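Trainee: Sharing a structure with you now.
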Amino acid sequence: GGAGREHALVGKIAQSPRVKEIFCAPGNAGIASLARCVSIGAEDVRGLVEFARREKIDLTVVGPEAPLALGIVDEFSAAGLAIFGPSARAAAIEGSKVFAKQLMAKYGIPTAGFAVFDDPAAARRYISEKGAPIVVKADGLAAGKGAVVCRTVEEALSAVEEIMVKGVFGEAGRRVVVEEFLEGEEASVLAFTDGETVIPMLPAQDHKQVYDGDRGPNTGGMGAYAPAPVCTPEVMRAVEEQILRPTVRAMAREGRPYRGVLYAGLMITPQGPKVLEFNARFGDPEAQPLLMLMASDLVEVMEAVLGGRLAETQVRWHEGAAVCVVLASGGYPGPYRKGFPISGLEEAASRHPGVVVFHAGTALAEGRVVTAGGRVLGVTAHAESIEAAIAGAYAAVGEISFEGMHYRRDIGQKALQRKK
Ligand code: AMP
Ligand code: GLY
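Heads up: the sequence shown is residues 17 to 436, going by the working numbering.
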């Protein structure tokens, strides 16, 4: 991959004494300072297998979801190459919302009530019957844009029109899940699993909407922090016992043993945590604060996952909190222009202790770092408290500029509210 998540992964992997050399396909301008970037697309599975064979790569780590769904783990395994991530059959937990919902229904894993449709007329009838608010989701991968939270029945009917009739997500929208709207605060709980043992990471919180106060359209994520106090020890116990462990057990029972990182996107409702979605990989931006907080050697943990030895492994975390503020291109999550020079990158890191500027959509052009994507940078700070981490991240943000740059000013505020 080549986003903020992959920069954070490469940075953490580089700290391992077990690592001699890192390659990243395709990488970005920030990753290029830690790894040798190779211009193979993350979805070019055959090209990646050939590269890994030729270079005798000892361990491959998959960042994004698309190659997992394409079966990169199966292909590498068949070629005798070690790779961290779930097989295609296991990654279906992210790749098909219908599969994930039916799995949860079958095994009693808490989630919103739902129905599945491949006929738009039937979906419309169901929506009119249920009323709003209601949520319409494309079955397949849609780059984080496949879920539409509808305040009115009209909005839901037009979502059905867009997804099922006009086919804005192509094949991914041939089937839809229509589900109950859940009230509460969201959290992301990621876990390492070797298919049996489950070790949750610190709870994190993403900020999906583009504007302050959770307004505006959904994005890939405008910022994240960890640990998230909405996940009290009691909530974390419920997440582990009612969601993560039963899901990993269910996948094994279904003949889809799950190895890698399992990401539960949750709504913490008054009735307890419920699953909004599963992802088959690290979240982005969640990976940025989480990996900064991780004290253990990530490579050792990944090797334990691959060797089925997670039960003998401990995952340790640093004290304090970490906050990531995403700097986005003007227009994102809609259309945006690229190629604007970025200034202040050196100052942001050198003048602010505990801050790392992870690159997402960046590229090198004539020796300068320029914008090359919607989410451009993840300015991430680790400090002794959430207050200090927020202050550190925004102080560093103040050093950076590029044409059209925008970001949320309220990353981490929900954690502060809870302390009051
Ligand atoms: P998903 O891709 O399924 O995680 O959905 C994207 C976003 O839509 C979530 O992060 C929530 O903000 C919102 N969302 C999804 N499902 C629901 C639901 N059942 N109730 C309320 N909000 C939801
Ligand atoms: N931050 C949400 C995701 O990675 O899907």
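Ideal Cβ placement from N, Cα and C applies to all residues, glycine included. Note that the coordinates shown come from a computational prediction; the quantities given were computed from them, not determined experimentally.
#1: Buried or exposed for residue 384, please, with buried defined as at least 16 other CB atoms from any protein chain shown within 10 angstroms of its CB.
#2: Please confirm whether residue 88 and residue 99 have their CB atoms less than 8 Å apart.
#3: Check whether the Cβ of residue 238 sits closer than 7 Å to any heavy atom of the ligand AMP, and report yes or no.
#4: In the DSSP assignment, the alpha helix (DSSP H) including residue 310 goes from what residue to what residue?
#5: Just to check, is the beta-carbon of residue 301 closer than 7 Å to a non-hydrogen atom of the ligand GLY?
#6: Taking the continuous beta strand (DSSP E) assigned at residue 289, which residues delimit it?
#7: Give the single residue among 75, 69, 68, 65 whose Cα lies nearest to the Cα of residue 30.
#8: What are the start and end residues of the beta strand (DSSP E) that includes residue 265?
#9: Mapping DSSP to helix, strand and coil, what is residue 426?
#10: Which same chain residues, not among the five before or five after residue 196, have their C-beta less than 6 Å away from its C-beta?
#11: Starting from residue 279, follow its DSSP beta bridges and name the residues at the other end.
#12: Do residue 222 and the ligand GLY come close, with the Cβ less than 7 Å from some heavy atom?
#13: With DSSP collapsed to three states, give me the class of residue 410.
#14: Go ahead and label residue 182 buried or exposed: buried means 16 or more other beta carbons lie within 10 angstroms of its beta carbon, across all protein chains shown.
#15: Going by Cα to Cα distance, which pick from 121, 298, 253 is closest to residue 84?
#16: Just the Cα atoms here: how many angstroms apart are residue 268 and residue 332?
#17: Give me the Cα-Cα distance between residue 433 and residue 119, rounded to the nearest whole angstrom.
#18: Which whole-angstrom value describes the C-beta separation of residue 68 and residue 97, a residue pair presumed to lie in contact below a C-beta threshold of 8 Å?
#19: Report yes or no: do the stretch 214-223 and the stretch 172-192 share at least 3 C-beta pairs separated by less than 8 Å?
#20: Can you tell me whether residue 109 is helix, strand or coil according to DSSP?
#21: Per DSSP, which residues does residue 222 bridge with? Please list them.
Mentor: Well, looking at it:
#1: On the sequence shown, position 368 is the one that residue 384 refers to. With fewer than 16 other Cβ atoms inside 10 Å of its own Cβ, residue 384 counts as exposed.
#2: Locating residue 88 in the sequence shown gives position 72, where the first residue counts as 1. Locating residue 99 in the sequence shown gives position 83, where the first residue counts as 1. Going by C-beta atoms, residue 88 is nearer than 8 Å to residue 99.
#3: By 1-based counting over the sequence shown, the position of residue 238 is 222. False, no ligand heavy atom lies under 7 Å from that Cβ.
#4: Sequence index remark: in the sequence shown, residue 310 carries index 294 (1-based). Element bounds for residue 310: n/a, residue is neither H nor E.
#5: Numbered from 1 along the sequence shown, position 285 holds the residue referred to as residue 301. It does: the Cβ of residue 301 is within 7 Å (strictly closer) of some heavy atom of the ligand GLY.
#6: Position 273 of the sequence shown holds residue 289. Annotation: the continuous beta strand (DSSP E) that includes residue 289 extends over 288-295.
#7: Residue numbering aside, residue 30 sits at position 14 when the sequence shown is read from its first letter. Ranking the options by Cα distance to residue 30, first place goes to 75.
#8: As a working mapping, residue 265 is identified with position 249 in the sequence shown. That residue, residue 265, is in no beta strand (DSSP E); its alpha helix (DSSP H) goes 261-269.
#9: As a first step, residue 426 is located in the sequence shown; it is residue number 410 there, counting from the start. If DSSP states are grouped into helix, strand and coil, residue 426 belongs with coil.
#10: Position 180 of the sequence shown, counted from the start, is the residue given in the question as residue 196. Same-chain partners within the cutoff: 128, 129.
#11: Working through the sequence shown from its first residue, we reach residue 279 at position 263. DSSP output for residue 279 lists 206, 295 as bridge partner(s).
#12: Along the sequence shown, read from residue 1 onward, the residue named residue 222 stands at position 206. Yes.
#13: For the purposes of this step, residue 410 is identified with residue 394 of the sequence shown, where counting begins at 1. Here residue 410 sits in helix by DSSP.
#14: Here residue 182 is taken as the residue at index 166 of the sequence shown, counted from 1. The residue in question, residue 182, is exposed, as its Cβ has fewer than 16 Cβ neighbours within 10 Å.
#15: To locate residue 84, count along the sequence shown from 1; it is residue 68. Among 121, 298, 253, the Cα nearest to that of residue 84 belongs to 298.
#16: As a working mapping, residue 268 is identified with position 252 in the sequence shown. As a working mapping, residue 332 is identified with position 316 in the sequence shown. Looking at the two C-alpha atoms, the distance is approximately 27 Å.
#17: Residue mapping note: residue 433 aligns to position 417 of the sequence shown, counting from 1. Residue mapping note: residue 119 aligns to position 103 of the sequence shown, counting from 1. Cα to Cα, the separation comes out at about 35 Å.
#18: By 1-based counting over the sequence shown, the position of residue 68 is 52. By 1-based counting over the sequence shown, the position of residue 97 is 81. Contact holds; Cβ gap of about 5 Å.
#19: Touching, no, given that fewer than three Cβ pairs across the two stretches are closer than 8 Å.
#20: Here residue 109 refers to the residue found at position 93 of the sequence shown. DSSP places residue 109 in helix when its eight states are reduced to three.
#21: Numbered from 1 along the sequence shown, position 206 holds the residue referred to as residue 222. Its beta-bridge partners are 240.
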